[in-house]
Amino acid sequence: MDIVERVKELLIPILEEKKLKLVDIEFIKEGKPVLRIYIYNPEGTTIENCEFVSRRIGTILDVEDLIPYSYTLEVSSPGLDRKLKNKEEYEIFKGRDIKIFTSEPINEKSFFKGKLLGLENEDVKIEEDNKEIKIPLEKINKAQLDF
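Have a look at this one:
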């Protein structure tokens, strides 16, 4: 099991305790290694949420000695302009406004803006102008939350 998968496994009970969602984990080894954890709270991710997760996972990682060398631990929200990277995020951010750019036109359009309804099979569902639209995942060039 690689570091990211093990960290994910260790994070689940910590996040569940505060009803937080895991958005992404990055482990960058170049230079001084950095472990970045992105969390989301549907009611608004606070600095207290980030501090709680950082303290808890930091202690566990130290005890487990999962990363046996010096590294920086960063815990934050995904940010306002972050692109959605994986399928799970379409469920995490369900109900939020989203902008989607496609690699080829769908119904003569390559840009969609509406409310994210979630993921169904391999299609992202959104509501745009009171109509439900399904956009195949493989045709999405870029998707990001719209604030």
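So in the numbering used here, spot 84 of the sequence shown is number 80, and the numbers just go up one at a time.
Ideal Cβ positions, reconstructed from N, Cα and C, are used throughout, including at glycine.
These numbers were taken from a predicted model, which means no experiment stands behind them.
Measure how close the beta-carbons of residue i and residue j come, nearest whole angstrom, since I'm counting them as under 8 angstroms.
{"i": "K4", "j": "L16", "result": "Not confirmed; about 13 angstroms, so no contact."}
{"i": "I33", "j": "I21", "result": "5 angstroms"}
{"i": "E118", "j": "G110", "result": "Contact doesn't hold; Cβ gap of about 19 angstroms is too wide."}
Just curious, the beta strand (DSSP E) that residue i is in, first and last residue?
{"i": "Y36", "result": "30 to 36"}
{"i": "D119", "result": "119 to 124"}
{"i": "S146", "result": "Outside the displayed span of the chain (-3 to 143) sits residue 146, for which this structure offers no information."}
{"i": "K127", "result": "127 to 132"}
Keeping to the same chain, check which residues put their C-beta closer than 7 angstroms to that of residue i; ignore five residues upstream and five downstream.
{"i": "G114", "result": "Y86, E87, K90, K121"}
Give the secondary structure of residue i by DSSP, where H, G and I count as helix, E and B as strand, and everything else as coil.
{"i": "S66", "result": "coil"}
{"i": "E100", "result": "strand"}
{"i": "L80", "result": "coil"}
{"i": "L141", "result": "strand"}
{"i": "E39", "result": "coil"}
{"i": "L16", "result": "coil"}
{"i": "E22", "result": "strand"}
{"i": "K95", "result": "strand"}
Please confirm whether residue i has its beta-carbon closer than 8 angstroms to some beta-carbon of chain C.
{"i": "V19", "result": "Here chain C cannot be found, since the structure has a single protein chain."}
Just reading off the alpha helix (DSSP H) that residue i is part of, what are its end residues?
{"i": "F48", "result": "43 to 60"}
{"i": "L7", "result": "-1 to 13"}
Using a Cβ-Cβ cut-off of 8 angstroms (strictly less than) and excluding sequence neighbours within five positions of residue i, which residues of its own chain qualify?
{"i": "V46", "result": "One detail in the question is off: residue 46 reads as Cys in this sequence, not Val. Counting only Cβ-Cβ distances below 8 angstroms, and skipping sequence neighbours, we find I35, V71, S72, S73."}
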